[in-house]
Each structure stands twice: as structure tokens, then as C-alpha cells.
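Chains as they are written, first to last, in this note's numbering: chain A, 283 to 515; chain B, 283 to 515.
Step one of this worksheet: look at the structure below.
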DNA sequence: TGCATATTTCTTGTCGACAAAATAAATACA
DNA sequence: TGTATTTATTTTGTCGACAAGAAATATGCA
């Protein structure tokens, strides 16, 4: 808290909203603020040492992404994870894995792969170090980089939303593994990247699908058993 | 302008933001506010008879959906239609047509089809009346209803975003037809709905794809010739 | 004591005003 | 006259304060 209030007077105009937005977003996605946590504007304005106006703007943006729910004239709280519609989430996630990887195999440029490979190294390091939070974020960054090399901003932004939403679920998931993840994931990533680099569109799509479906299957073992994951196009 | 200012004193608390948001959104999507139009907060606050605060909140939400662009500390304007990345748009649109229709064939319930059929009637009426704006909105409503009967909120919301974004392009497109649209579209809709009702998943997906690709192809004839529309999964 | 109504408290929604940033206009100087 | 610097204007970002709605508490009455 001290870190934030100390910035009170050395803040650039317009930066406040972004700071609040980023911090709250991370706290929500990392389950530091678990679903259902009340969000109080005055409390936040005291915490960040600014008036309610910029806080409010950050909250509006978070609400726009569905991360918080606002009851009119009443309280606002961190939105619940929708376990009932989890199958929707998994369907969408698998499809986006497939589509973005496939497009990456088609349209990537050499310089994209450098970034991707660097992020894959980061992910491997995180697995080696058994750092769950780092695994989640580097994994997301890696797949987003692949998606971006496919050059379709609509798919990328939906994928990004899904991966973020997933951070909340994955946080639970990784915990169940005692924050240890098999190296197989690292190898699968390598195979996917190789297929993309070789521009083997079908292989890239198949590997991405298998990768995604396997992750989903493992998560589902932990959750209410959804029985509707069979997207075939 | 009078309509809006007259509501100055009879407004329910909290409703202002929604009103401003809805109106501006429609004006942008219907090209009443063409891309690049400057958005002035004080001007809007005078127009709607309220302070800048609720105006600002509406603008933040619009910016969140990419409908306006905000230059920090400077002007904010209606965002440009991205003709350069149009292929991305078409790829995403076609895929969403396919996925949502396919899921509808799988998971729709009888009561969903009543709504869908009613909206199809509305669309047919609009075509008959040669009312371009009505065609655009009823067409979007119809396909969204189909999507919703597929019960995947992630796909539905991306599809909704795409159809809205499309309203700006379609507005140009329909104009090129002199606001007349062939009845073929009505027939194609009927076929799609029948396939969904029969739960013929493959047929529904194929018809939706053909429907979408045909529309896209016709739009592309009007635009910068994009050469990257060949999504095959 | 139990329930309905009134009052208080608490949080959000809105407002008007001020300050900072950027742009446009004006002035000074060569 | 042309350019650089200074000043004014415009527009956004932030603030503190107030009002409305809802929830919590207190009061009145049977």
C-alpha cells in the first residue's frame, strides 16, 4: 500500500487510470481478489491516493471485460467464475488455439519466430523453476505471440480474453499439480513451433488441437464434469 | 437535439450513461458519425443536458469496444474502418458464422427456433420493403439469435462484435446495391434454419459457410481486393 | 415480543470547478 | 518577412462536494 500512496504526487496526468486498471486486473486474475470480493471505490481511492474519478474509469473498463460486476446504485464485486458454462469456455479456447496456430503457420514472418522462441525459453525456465504464476503468464504470452504472428486481430483479442479468463481457472489447476507441471508441455510447445516454422498448416493445427484438448481434459478432471466438449469442424 | 435536452430533469439516476452510449453507438455504426469525426465532451454534455462525467463513462465504454480512439490529453474521434486488415475481419466473420450455426444445430431448444423464425420473417419483410437499415439490423438479430441458441457466450459475443463492426461496412455495401437485396438471402436463411431445426450439424455448417463466403465475396468486389480469404479447417 | 415504518448510514452517480497538456495565436527579434 | 519564443485558448484529466438509492439500524405500535 505504501508503494502506491507514495506515488501520490509524482504521477503523470492520465497515468493513474492505467495503473489502477493494471493492478486490479492482475489481482483479480491471480485470484488475489477472489470472485465475489467487494470493490469499494472510496477504499481504492484511498489506497491509490487519488480521487474516485480515475478509479471509476478503471472500474468501467474492468466491467467492460467482464472482470467485475456492477449492481446499479449498489455494490460492485469481482465477477464469479462461471463453472456452469465452462464447456463454452473450453470449446472457445480449443478453437482459438487451433485457428491462431494455423494462421501463424500460414502468415508468420521470420522475425515473429524469434520472439516466439524466446518466450518458449521463458516458459521452459518457469517449468524448470516450478513457478506456477510464471508458467501461466509465460504460457499465455507464448501462445499470444503465436497468435499475433497469424495477423488476425479479432482472433488474437478473443484468444487474449480467453487466456486471461483462464488465468483464474489455471491458477486453481496448477495448484492441484502442487505447482509442478510435466515437461511434456514444453516438448509440445516445441513441436508446435517447429510445425509453424515449417509452415505445415495441417500439422500445426492438429498439434495445437491436441495440446489444447489435452489441457482441457486435465482441467475437466478437476471440475464439474462437463460433457459437451466435442467441437469438430 | 430537443428530444434529448428535454429529458434533462426527468432522468433516472444511472440511466444517462446508457442513453448516451446507445445513441452514440448507433450513430457511429450507422455512419451518421463517419470515421474520423471529432468527439467533443462538452459539446455532448450540452447536447444531452448532463455533465461531462456520465458522457465520459460512455466514451470509455465505446473506446473499450474500439469504436472511438482516444489520444491522451488530445482529441478523441470515431475510429477508422480498418480496410487494410479487412481480410482478418472476413476470416473471423466466416468462422463465427460457421461455428455458431453449427452449435445451434447441436444445442438449440425448440423455443429458440420460434424466436429465430420470427426474426427471419422480419428480415424477409425488410428485404421486401427494400429498407436497407432494417435489413442490416434484422439480419444481425437473426444470426445472433441463431448464435445464442448454440449457447456459447464467448462465440456469441465475438460474433456480435463482428456483426456490429460490420454494420459500418454493410452500410456501404447495401448502398452499392441501391439498398435492394436479392431474395436469395432470404431463401438461404430459410435453408439454414431448416438444417438447424433438423439438427443436421454438417449441413448447417456448410450452408452457413457458403452463405457467409458468398456475402464476403460480394463485399470484397467492392473493396480493396483482399487476397487472403481462404480459411480451411 | 414481533412486525411495519421511519431514520440513519453507506455507497454510488452526478455535478461544477480547477489544473495540466496540447494546440493555436500573438509577439519579439533578426 | 520569416522564424523563434511567449502568451492565450481549448480540451482533457482530476478533484472535492453533494444528492439519490439502497441497506442497515432504530423507532413505534400491536
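Beta carbons: idealized from backbone N, C-alpha and C, even for Gly.
*Does the beta carbon of residue 444/A come closer than 8 Å to any beta carbon on chain B?*
On the first chain, position 162 is the one that residue 444/A refers to. So, interface residue.
*Which residues, in order along the region 341 to 356 of chain B, keep a beta-carbon less than 7 Å from a beta-carbon of chain A?*
342, 343, 346, 354, 355
*asked:* Suppose the cutoff is 6 Å on Cβ atoms and the five residues either side in sequence are ignored; what does the same chain contact list for residue 375/B look like?
replied: The sequence position of residue 375/B within the second chain is 93, counting from 1. The answer, listed in chain order, is 444.
*residue 339/B touches chain A at which residues, Cβ-Cβ below 7 Å?*
Here residue 339/B is taken as the residue at index 57 of the second chain, counted from 1. Within chain A, the residues near residue 339/B are 342.
_Here's the rule I'm using: 16 or more other beta-carbon atoms within 10 Å means buried, otherwise exposed. How should residue 432/B be labelled?_
In the second chain, residue 432/B corresponds to position 150, counting from 1. Looking at its Cβ environment, which holds 16 or more other Cβ atoms inside 10 Å, residue 432/B is buried.
*Does the beta carbon of residue 509/B come closer than 8 Å to any beta carbon on chain A?*
What you label residue 509/B is simply residue 227 of the second chain in a count that begins at 1. Because the pLDDT of residue 509/B is 36, which lies under 50, any placement of that residue in the model is unreliable, and the number read from its coordinates should be weighed accordingly. No, its Cβ sits nowhere closer than 8 Å to a Cβ of chain A.
*If we cut at 8 Å on Cβ distances, does residue 374/B have a partner in chain A?*
Numbered from its first residue, the second chain carries residue 374/B at position 92. Chain A, which has a Cβ nearer than 8 Å to the Cβ of residue 374/B, makes this yes.
*Three-way DSSP call (helix, strand, coil) for residue 320/A in this model*: As a working mapping, residue 320/A is identified with position 38 in the first chain. It is a strand residue.
*Tell me the start and end of each unbroken beta strand (DSSP E) in the region 420 to 482 of chain B that is at least 3 residues and wholly inside, in chain order.*
none
*DSSP three-state call for residue 350/A: helix, strand or coil?*
Along the first chain, one-based indexing puts residue 350/A at 68. Residue state, collapsed to three classes: strand.
*Please state whether DSSP places residue 332/B in a helix, a strand or coil.*
Working through the second chain from its first residue, we reach residue 332/B at position 50. Correct three-state label for residue 332/B: coil.
*C-beta neighbour in chain B for residue 296/A, strict 8 Å*: The count along the first chain starts at 1 and reaches residue 296/A at position 14. Interface residue, yes.
*Which same chain residues, not among the five before or five after residue 333/A, have their C-beta less than 8 Å away from its C-beta?*
As a first step, residue 333/A is located in the first chain; it is residue number 51 there, counting from the start. 327, listed in sequence order.
*Backbone CA spacing between residue 456/B and residue 356/B [nearest angstrom]*: Taking the second chain and counting its residues from 1, one reaches residue 456/B at position 174. Taking the second chain and counting its residues from 1, one reaches residue 356/B at position 74. Computed Cα separation, rounded: 35 Å.
_Residues near residue 401/A by beta carbon distance below 7 Å, same chain, minus five either side_ = Working through the first chain from its first residue, we reach residue 401/A at position 119. Correct list, in chain order: 420, 423, 424, 427.
*So is residue 497/A in contact with chain B if we call contact Cβ pairs under 8 Å?*
Sequence index remark: in the first chain, residue 497/A carries index 215 (1-based). Output row for residue 497/A: interface = no.
*Quick one: using the 10 Å Cβ neighbour count with 16 as the cut-off for buried, is residue 365/B buried or exposed?*
Start at 1 with the first residue of the second chain, and residue 365/B comes out as number 83. Label assigned to residue 365/B: exposed.
*In the DSSP assignment, what residue or residues form a beta bridge with residue 359/B?*
Taking the first residue of the second chain as 1, we reach residue 359/B at position 77. Looking at the DSSP assignment, residue 359/B forms a beta bridge with 320/B, 351/B.
*Proximity to residue 498/B [Cα-Cα], best of 351/B, 476/B, 378/B*: Within the second chain, residue 498/B is the residue found at index 216, counting from 1. Ranking the options by Cα distance to residue 498/B, first place goes to 378/B.
*Quick one: which chain B residues come within Cβ less than 7 Å of residue 435/A?*
As a position in the first chain, residue 435/A is number 153, starting the count at 1. Under the 7 Å cutoff, chain B gives 367, 370.
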